[in-house]
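A.B. asks: Take this structure first; my questions come after.
Shown next as C-alpha cells:
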C-alpha cells in the first residue's frame with residue numbers, strides 16, 4: 002500500500018484501486034502512481050474520489066498516455082457532476098473510461114463480474130485507503 006495524505010493506491014488482482022482526498026498532488030507522488038500504472042500487472046484503474054484533487058495538465062497527460070498505451074479500462078467514482086460529465090465527453094472520443102456517482106460502488110463491481118474474493122478485497126482496500134486519507138487529513 003502506498004500511503005500519502007492526498008492520494009493512496011493499491012493493486013488488487015488486475016485492478017489498481019486509487020483513492021483521492023482533497024489537495025494538490027506533488028509531482029513525485031504522481032510520478033510514482035503513473036509508474037505503478039505502467040508497470041503493475043493491471044488492466045483496470047478504479048479511481049474513487051473522496052474530495053477535490055488538483056493535478057496539473059502535465060500530470061493528467063502522463064496518466065492518460067500510460068492508460069492509452071496499456072489499454073487500461075478506467076472507472077471513476079465521484080459525486081462531482083462536472084467530473085462525471087467530462088468523463089462522459091472523453092468516453093465519446095473513444096477512451097475506455099466511465100464515471101459513476103460514489104454511492105454506486107456495489108453496482109459498478111457487480112457489472113465487472115468479479116469473483117467474490119476479489120470483490121471483497123477491492124471493497125476492503127478502498128475502505129482502508131480512504132480511512133488512511135481521513136486520518137492523515139486530521
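In our numbering, the protein residues as written are 2 to 139.
A virtual CB, placed ideally from N, CA and C, is assigned to each residue, including glycine.
Could you say which of 17, 38, 105 lies nearest to residue 66 if we only look at CA atoms?
C.D. replies: Out of 17, 38, 105, 38 has the C-alpha closest to the C-alpha of residue 66.
A.B. asks: If you check the beta carbons only, do residue 19 and residue 47 fall under 8 Å apart?
C.D. replies: Yes, the Cβ-Cβ distance between residue 19 and residue 47 is below 8 Å.
A.B. asks: At the level of alpha carbons, what is the spacing between residue 43 and residue 36?
C.D. replies: The straight-line gap from Cα to Cα measures roughly 12 Å.
A.B. asks: Might you give, ordered along the chain, the residues of its own chain that have their beta carbon closer than 7 Å to the beta carbon of residue 4, omitting 5 neighbours on each side?
C.D. replies: Reliability of the predicted coordinates at residue 4 is poor, the pLDDT of 43 falling under 50, and the value obtained from them is presented with this limitation in mind. The answer, listed in chain order, is 133.
A.B. asks: Thinking C-alpha only, which one of 25, 123, 75 is nearest residue 58?
C.D. replies: 25
A.B. asks: What are the partner residues of residue 90, as DSSP defines its beta bridges?
C.D. replies: According to the DSSP secondary-structure assignment, residue 90 is paired through a beta bridge with no residue.
A.B. asks: Is residue 71 near residue 79, with beta carbons less than 8 Å apart?
C.D. replies: no
A.B. asks: Going by the DSSP bridge assignment, what does residue 74 pair with across the sheet?
C.D. replies: 45
A.B. asks: Please list, in chain order, all residues of the same chain as residue 13 whose beta carbon is under 8 Å from its beta carbon, the five residues on each side excluded.
C.D. replies: 119, 122, 123, 126
A.B. asks: Using beta-carbon positions only, say whether residue 73 and residue 45 come within less than 8 Å of one another.
C.D. replies: yes
A.B. asks: Helix, strand or coil for residue 6, going by three-state DSSP, please let me know.
C.D. replies: coil
A.B. asks: Tell me the DSSP bridge mates of residue 126?
C.D. replies: Bridge partners of residue 126: none, in fact.
A.B. asks: State buried or exposed for residue 22, treating a residue as buried only when at least 16 other CB atoms are found within 10 Å of its CB.
C.D. replies: buried
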